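Position 123 of the sequence shown, counted from 1, bears residue number 160 in my numbering, the numbering being contiguous throughout.
We treat Cβ as the ideally placed atom computed from N, Cα and C, and that holds for glycine.
All of these numbers come straight from a predicted model, not from anything done at the bench.
Below is one structure, written out as structure tokens; the observations come after it.
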Amino acid sequence: MRSYRNALGGTAVKVAMVGVAVAGSMVALAAPASASHKCGDPAFDYLEVCYYRNKDYGGGSRAFSGEDKNYTNDYYDYASGRVALNNTISSFNNRHWADYLVHRYVNQEGPIYYIDGSTWDSDLASSDWWGSETGNVNDKLSSHTGPYTG
């Protein structure tokens, strides 16, 4: 049985970056950025799911309000260096009232795990998640879908 606890609210913004050059120049398009800020940013105080590098919500964070197909290009908010979320998440806080589905592999593939709305888990290594091949999903998440609002 998966362990979870009630959580409070938060939001994130999905940002698309598009570079357009002046006439006669080349037009450059960059991939959309799926994570826009660290968790706890007062400008985004609700409707987000937050992932943390370490248990007990420490070691850097990243917030989402929509889906993300690939955590390899999303990074924690460390002051120096860049650590990708892919296979490094150890705690979460779903501040959104809606559910998310997390996937073991990029492109929303592999086993699916559920993050119910308004729940949190401070130590994914200590939690027994339904559907997990090892009982926990610590350092094993690579993408997500949601939020499911319907």
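Which same chain residues, not among the five before or five after residue i, have their C-beta less than 6 Å away from its C-beta?
| i | result |
| --- | --- |
| C87 | C76, S98, A100, N130 |
| G172 | D165 |
Taking 7 Å as the CB-CB cut-off, is residue i touching chain D?
| i | result |
| --- | --- |
| D93 | Among the chains in the structure shown there is no chain D, since it carries only a single protein chain. |
Using 7 Å as the threshold, is the C-beta distance between residue i and residue j below it?
| i | j | result |
| --- | --- | --- |
| V123 | S179 | Sequence inspection shows Asn at residue 123; the Val mentioned does not correspond to that position. Yes. Within cutoff. |
| T186 | E104 | no |
| S102 | S128 | no |
From residue i to residue j, what does the alpha carbon distance come to, in whole angstroms?
| i | j | result |
| --- | --- | --- |
| Y113 | R90 | 7 Å |
| V120 | D153 | 26 Å |
| D176 | W134 | 24 Å |
| P69 | R132 | Note that P69 has pLDDT 41, beneath the 50 cutoff, so the model's placement of it is unreliable and no number is given. |
| W166 | Y150 | 7 Å |
| A65 | Y115 | For A65, the pLDDT reaches just 37, beneath the cut-off of 50, and the residue's location in the model is therefore unreliable, although a value from the coordinates is still provided. Roughly 28 Å between the two C-alpha positions. |
| N107 | D93 | 24 Å |
| I200 | A80 | Nothing can be reported for residue 200: it is not among the residues displayed for the chain, which extend from 38 to 187. |
Here's a check: name, in chain order, each residue in its chain whose Cβ is nearer than 7 Å to the Cβ of residue i, leaving out the five neighbours to either side.
| i | result |
| --- | --- |
| E170 | P148 |
| P184 | H133, A135, D136, Y137 |
Please name the residue or residues paired with residue i in a DSSP beta bridge.
| i | result |
| --- | --- |
| S199 | The first residue shown for the chain is 38 and the last is 187, placing residue 199 beyond what the model contains. |
| V86 | F101, N131 |
| T182 | L138 |
Near residue i, what residues of its chain come up, given a Cβ to Cβ distance below 8 Å and the 5 sequence neighbours on each side ignored?
| i | result |
| --- | --- |
| Y142 | S179, S180 |
Starting from the N-terminal side, write out each stretch of the beta strand (DSSP E) that is 3 residues or longer and does not extend beyond the region 96–139. 128–131
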